[in-house]
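Visitor: Take this structure, written in structure tokens, and hold onto it; I'll ask about it next.
There are 6 protein chains.
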Amino acid sequence: MSEITRADGRSVDQLRPVTIERGWSAQAEGSALISFGGTRVLCTASFTNGVPRWLTGKGKGWVTAEYAMLPRATNDRNNRESVKGKIGGRTHEISRLIGRALRAVVDTKALGENTIVIDCDVLQADGGTRTAAITGAYIALADAIEWGRRKKFIGQKSQVLLDSVAAVSVGIIDSEPMLDLAYVEDVRAETDMNVVVTGRGLFVEVQGTAEGAPFDKRELDALLELGLAGCATLRDIQTETLGAGE
Amino acid sequence: MSEITRADGRSVDQLRPVTIERGWSAQAEGSALISFGGTRVLCTASFTNGVPRWLTGKGKGWVTAEYAMLPRATNDRNNRESVKGKIGGRTHEISRLIGRALRAVVDTKALGENTIVIDCDVLQADGGTRTAAITGAYIALADAIEWGRRKKFIGQKSQVLLDSVAAVSVGIIDSEPMLDLAYVEDVRAETDMNVVVTGRGLFVEVQGTAEGAPFDKRELDALLELGLAGCATLRDIQTETLGAGE
Amino acid sequence: MSEITRADGRSVDQLRPVTIERGWSAQAEGSALISFGGTRVLCTASFTNGVPRWLTGKGKGWVTAEYAMLPRATNDRNNRESVKGKIGGRTHEISRLIGRALRAVVDTKALGENTIVIDCDVLQADGGTRTAAITGAYIALADAIEWGRRKKFIGQKSQVLLDSVAAVSVGIIDSEPMLDLAYVEDVRAETDMNVVVTGRGLFVEVQGTAEGAPFDKRELDALLELGLAGCATLRDIQTETLGAGE
Amino acid sequence: MSEITRADGRSVDQLRPVTIERGWSAQAEGSALISFGGTRVLCTASFTNGVPRWLTGKGKGWVTAEYAMLPRATNDRNNRESVKGKIGGRTHEISRLIGRALRAVVDTKALGENTIVIDCDVLQADGGTRTAAITGAYIALADAIEWGRRKKFIGQKSQVLLDSVAAVSVGIIDSEPMLDLAYVEDVRAETDMNVVVTGRGLFVEVQGTAEGAPFDKRELDALLELGLAGCATLRDIQTETLGAGE
Amino acid sequence: MSEITRADGRSVDQLRPVTIERGWSAQAEGSALISFGGTRVLCTASFTNGVPRWLTGKGKGWVTAEYAMLPRATNDRNNRESVKGKIGGRTHEISRLIGRALRAVVDTKALGENTIVIDCDVLQADGGTRTAAITGAYIALADAIEWGRRKKFIGQKSQVLLDSVAAVSVGIIDSEPMLDLAYVEDVRAETDMNVVVTGRGLFVEVQGTAEGAPFDKRELDALLELGLAGCATLRDIQTETLGAGE
Amino acid sequence: MSEITRADGRSVDQLRPVTIERGWSAQAEGSALISFGGTRVLCTASFTNGVPRWLTGKGKGWVTAEYAMLPRATNDRNNRESVKGKIGGRTHEISRLIGRALRAVVDTKALGENTIVIDCDVLQADGGTRTAAITGAYIALADAIEWGRRKKFIGQKSQVLLDSVAAVSVGIIDSEPMLDLAYVEDVRAETDMNVVVTGRGLFVEVQGTAEGAPFDKRELDALLELGLAGCATLRDIQTETLGAGE
């Protein structure tokens, strides 16, 4: 690892300060306000007994997610998608990513015919909003599942969660692989990658994009290694948060 | 005033606990996270030098507002308006109300050719979201104006704010006029009224609706009196908040 | 009251000429083409046996309203909302207001599981379109209820209408409270208020807005008094119209 | 011609009663409320000095039309296209037809760089709404052109209108060709045709559709003959209306 | 007929080369890639057992069509209607025309409670796209009906197709009636007509429009004659295509 | 590599038959109809001199892409996104992917202030539509650039293309990594990955998703190796196609 120090004083393999306010919402069955540095995402999980019509009678549950950003989460104000009357490609893409990440650790049979909708609303954005969203959504999901168990919608012994899941961004800046990019770093990155990793260290999703020059296998390997390590740290924070009791 | 005690222990003429976190957002030129009891609204003010095309060259500024609710701000999840592809009537109505309330205390000539967009996003809803939004939006607006002054977009001596503005709901429940209704009260109210009042105690907006039986002049007067008193208390909290320095 | 005479020769407490062509439409179960001076609104009531799914089986009916303006009802042509693909905030707001006003005088239990949709289409606009719409909609509603009774969808003795309802605008121009503002007056008004009042003289809705300077309690009282008197006159015209037989 | 008498007592080659209230609107530069029997269409013409950007600087004007139906113009209420958020195919199709019909008799060079938008709003529908719309729109158009001339937007000697234009429906019912179908006839017609004809008797548009059995050349000829005669009568009514002075 | 030769060497009463690739799609129950010269349209027929809810239980089937153009089918790229979020009037109009043309030759009782949706996607446009679409759609429809018969959704002896159907454009250019206009001819045509004709030579639809000067009965007759002859040739090509076995 | 044989007889590291019809469209500046087995995508490139407003005056060009599927490209018909009035998340996601892939090999400075829009329309879908689209889009792009050079919109010596680009899907089925999944394989894959690789063998994009069980680094490496080899073969086919002259 390099001796380079970043704008905010971190080493290249260091996460920004992570905080999770579990149970932030008085309304939702599970919720977490997560921060990765200046990025703050409110994740709520809404539990409904029953499933969408297309899934009825199959003995399986459904987990889905929606991601959005407040108009002034960013440095310049963006017009609301509700005002524009349509959802942008980026929003769609991230919502789908979060949903896939969560479903990868859920046994939908064990969940039974119940639906959990995760909303991830970015209150403040400073890079890595999708990875913070996934990491926080896992907390909200876990609590909503416990809520369903207490309410007897889920069997007392059902093992709904197969593993935990967290995500982090990695990227190459000035030829240097770095972990958890802040916004000022993200815009300069030649290659930008998001990795979604389970608590056991297996990949759920790997999305790497050359923003500048294409990258080779060696660079890819370096990024994956950083990402795995970052997700392991996030997993420990998640475990601690959930262990603390609500 | 009646001796009636409410579900949350308040007297009929008492506000819920009000908190204002001024400068909550690191991105916006002005911001406040305001709570009226369980209602929590994030208000941000975005300052732009320049005005929309239709106002160009008239030497006047523009203040407008958008209101929205996170899908799980409420007890049951609502579908996102961005997903539905259209904004509902209630959202439109409240956005327009907030905009009018703020413009009533702004001298747009003194503001100069600058635009301030206020976003009020309800993170958690427990009745009175529009009145909390107006009350918090004033703080964000005031700070955005100060920002514009520091950046020299507004003249050092321009008196942009003519007065402060706050709002509160009042209603009649079981024939009893009450101040600042929580959600469980709101759904039971026969008459529901929102009053928007300046710091000097003048009305900017009075909106009263009979949800149950129509009301007479005497009831209207009782509600207005409660509302004026509630807004005076809110004005004091606003003054204190702004006096504290950012 | 002041000695001021208005552009159209009226005194400050005088309505414009009101005409109601009851039964204008050969298709609708109830209808009225109402004029408040140059403002002309076609109100139709569509009666359907049955209620929306969310109300089924509750033994109650449903009354709702939609307001719209023809593109060239106004002095400058407005683009159609159907062409824009979305309904504006003002349209939404007025539709909701009309619906609330009518429901305030309807006993939905007595109506039984029937639905009445009121359409108020402004053919020509010269101020006060929403108040003319409410006043005319009451006539269309009353006739649709009678239609439902004749067709045996409503019991012969059911008292569906609890009272009549009418509405009028009032405003302060050059410090003078005035009744029933025409368009040229409306744009100059410092304070603009719409009052919806039942035949017995109770308020259903009070919506007052400071367009210019905020207003005090004394001004509010003057406006309310003018509005009550105006609605009483409109009630008499409604009574006469309905008494004449269709 | 056959001795058949129709439901409303007309002979097969007879129009329904036609009335035209010229100048119905106090706002529009030209307007007409036209009736073909129970079909009533309000046609307004909005004159604007200038043309859309894509036509600027070509020395030519623009005439376009929009058609719409009030929700309860018909026997059953239709949902508003503004509420549905999109315009239906039938509405689009008729708007385009009216626009083409009017442009066929306008010399856009003589019109100069001016725009006329014709709105045809069906207040009550009983068959033949598009043909009534075209026939009434011509009156509104002619008056808007005269308005433009009086306001000096159009040269005093410019011959903008090359001819008049009118339209009528024809159809085959029980093997019998008939003129100007009312709604009850229209739904029974095997073949349905609309013809748009200039004052000089030339075709602008012929649209014939087999709703039931396909038709042969002989039937087509009979329909065209009826349509030409009907349009000649409409032209005379138009001439008389315009001759009467506004 | 005139001795005039056209830009592409055709005589005035000559079709462009017509090719039909029957069964182009491996997915659809019926399909054809049809070319009228440079115009290429992919027609697919999707067969579904069952009918839309509004037709259920009436013992009848449903045939409908949708037309669209790829963005770069034309010389200049058009924005996608999916991106614009709404379908244009022209697209609606042509979709409706194709549907009517096909339904005119289908016995929906014999089809039984089955639905066939025809999609006509213009891959390359050089005039006459709607007429090529109808002509190719008939092939796709015929094959989908045979598919339904093989799958026993349609009775072995049911005569679903009453006749064949084809369409062609005709127009007047420099006073000369011409058959099957290519794009360069279409833009110059004074009158433009589309005729839809059954295999037995009866009209299903006649749509003639004066783009320039209005036309008289004699010109109309000349165009209809050309169109009937063109459709007879297309019918022979259709018969040959279907006779060849799939 | 395994001895497993697939449903279509391929070995696990074998592509489906690839065909490219270069210059398929007579209208577009560049085009290719590409097949990966039963997947057929029409790629067109539209060249416009000039750039969108937000890029004007920066001396750089713009390359973007839109992906769509015909409604019956798939085994079951999908509703058109134009009819639904909005674009789905999957469509957005793939359009963005194609655009990024192409921009990775374009020197926008060398392109100059020109815009190239690539449309990829799936005519028939059998798995791997996005990878076929990227591979075919490169051909269309290359030809559009040559067109721009011939028309002198691009300098004769400008090296606009920095490299070629191709893409292929890989996946793990029954624990076996396989290249270029057909639809029946894709739905069974536990892990699904798309790799976009330049002619020189560098990664532009790596998108791997666990559809079933999460995957480890060893599996990821096996997939990447297969993908690199597949893209190398596609690069050779592209080179041959472009070398053949148009």
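So the protein sequences, as listed, match chains W, Y, C, D, R and F.
The first sequence runs 226 to 471 under the numbering used here.
The second sequence runs 226 to 471 under the numbering used here.
The third sequence runs 226 to 471 under the numbering used here.
The fourth sequence runs 226 to 471 under the numbering used here.
The fifth sequence runs 226 to 471 under the numbering used here.
The sixth sequence runs 226 to 471 under the numbering used here.
Even glycine gets a Cβ: it sits at the ideal position worked out from N, Cα and C.
Threshold first: 4 residues or longer. Then list the alpha helix (DSSP H) segments lying entirely within the region 321-364 of chain R, N to C.
Guide: 333-336
Visitor: Anything in chain R within Cβ reach of V429/D, meaning under 7 Å, just list it in chain order.
Guide: A435 and P439
Visitor: Taking 8 Å as the CB-CB limit, is R374/C close to chain B?
Guide: Here chain B cannot be found, since the structure's protein chains are W, Y, C, D, R and F.
Visitor: Only counting the same chain, and skipping five residues up and downstream in sequence, which positions put a Cβ closer than 6 Å to that of L336/F?
Guide: G286 and V385
Visitor: Assuming C268/F and A391/F make a contact with CB atoms under 8 Å, what is their CB distance in whole Å?
Guide: Contact flag wrong, Cβ pair sits at about 13 Å.
Visitor: Report yes or no: is there a C-beta of chain D within less than 8 Å of the C-beta of Q252/C?
Guide: yes
Visitor: Touch check for the region 368-376 of chain W and the region 434-445 of chain W: three-plus C-beta pairs under 8 Å?
Guide: no
Visitor: Could you name the residues of chain C that S394/D contacts, counting a contact when the two beta carbons are closer than 8 Å?
Guide: Going along chain C, no residue has its Cβ under 8 Å from S394/D, so there is no contact; the nearest lies around 19 Å.
Visitor: Measuring alpha carbon to alpha carbon, tell me which of I245/R, R321/R, D238/R and R231/R ends up nearest L449/R.
Guide: D238/R
Visitor: Against chain C, with Cβ distances strictly below 8 Å, would T281/D count as a contact?
Guide: Answer no: the Cβ-Cβ gap between T281/D and chain C never drops below 8 Å.
Visitor: To the nearest angstrom, report how far apart G313/R and M418/W are at their CA atoms.
Guide: 40 Å
Visitor: If you compare alpha carbons, which of G353/D, T360/D and I398/D is closest to A257/D?
Guide: T360/D
Visitor: Does the beta carbon of R325/C come closer than 8 Å to any beta carbon on chain Y?
Guide: yes
Visitor: What did DSSP end up calling A298/C once you bin it into helix, strand or coil?
Guide: coil
Visitor: Is Q239/W close to the ligand HEM? I mean its beta-carbon at under 7 Å from any heavy atom of the ligand.
Guide: Ligands displayed in this structure: none; no statement on the ligand HEM is therefore possible.
Visitor: Just the C-alpha distance for P296/F and I398/R, rounded to the nearest angstrom, thanks.
Guide: Spanning the alpha carbons of P296/F and I398/R requires a straight line of approximately 37 Å.
Visitor: With DSSP collapsed to three states, give me the class of Q432/Y.
Guide: strand
Visitor: Can you give me the Cβ contacts of C456/F inside the same chain, cut-off strictly under 6 Å, excluding the 5 residues immediately before and after it?
Guide: A391, V393 and V422
Visitor: In chain order, what residues of the same chain have a beta carbon less than 6 Å from the beta carbon of G452/R, not counting five sequence neighbours either side?
Guide: V393, V395 and V420
Visitor: Anything in chain R within Cβ reach of T423/D, meaning under 7 Å, just list it in chain order.
Guide: P439
Visitor: Please report the distance separating the alpha-carbon of V266/R from that of R247/F.
Guide: 19 Å
Visitor: Tell me where the beta strand (DSSP E) around V422/Y begins and ends.
Guide: T416 to T423
Visitor: Flag N311/C as yes if its beta-carbon sits less than 8 Å from any beta-carbon of chain D, otherwise no.
Guide: Correcting the residue identity first, residue 311/C is Lys in this sequence and not Asn. Yes, K311/C counts as interfacial toward chain D.
Visitor: Please name the residue, chosen from C345/Y, A329/Y, T466/Y and L366/Y, that lies closest to E430/Y on a Cα-to-Cα basis.
Guide: A329/Y
Visitor: DSSP three-state label for R247/C, please.
Guide: Three-state result, R247/C: strand.
Visitor: Against chain R, with Cβ distances strictly below 8 Å, would E306/F count as a contact?
Guide: yes
Visitor: Is T269/Y close to chain W? Criterion is C-beta to C-beta, closer than 8 Å.
Guide: yes
Visitor: Hey, which unbroken runs of the beta strand (DSSP E) at 3 residues or more fall wholly within the region 269-314 of chain D?
Guide: 287-294
Visitor: Evaluate R302/C with the Cβ neighbour count: other Cβ atoms within 10 Å of its Cβ, from every protein chain shown; 16 or more gives buried, anything less gives exposed.
Guide: Burial of R302/C is indicated by the presence of at least 16 other C-beta atoms within 10 angstroms of its C-beta.
Visitor: Where do the N-terminal and C-terminal ends of the alpha helix (DSSP H) with I462/F fall, by residue?
Guide: Its alpha helix (DSSP H) spans residues K442 to G468.
Visitor: Determine the burial state of V412/W: buried for a count of at least 16 other Cβ atoms within 10 Å of its Cβ, exposed for fewer.
Guide: exposed
Visitor: Hey, out of A298/F, K283/F, E318/F and V308/F, whose CA is closest to G263/F's CA?
Guide: A298/F
Visitor: Hey, quick one: how far does the beta strand (DSSP E) through V409/W stretch, first residue to last?
Guide: Looking at the DSSP string, V409/W is not in any beta strand (DSSP E); the run it does join, the alpha helix (DSSP H), is Y408 to D411.
Visitor: When you compare only the Cα positions, how much space is there between T466/W and D405/Y?
Guide: Computed Cα separation, rounded: 36 Å.
Visitor: Less than 8 Å between C-beta atoms, sequence neighbours within five positions excluded: which residues of the same chain meet that for R305/F?
Guide: Closer than 8 Å at Cβ, skipping near neighbours: P296.
Visitor: Could you tell me if R278/C is buried or exposed, where buried requires 16 or more neighbouring beta carbons within 10 angstroms of its beta carbon?
Guide: exposed
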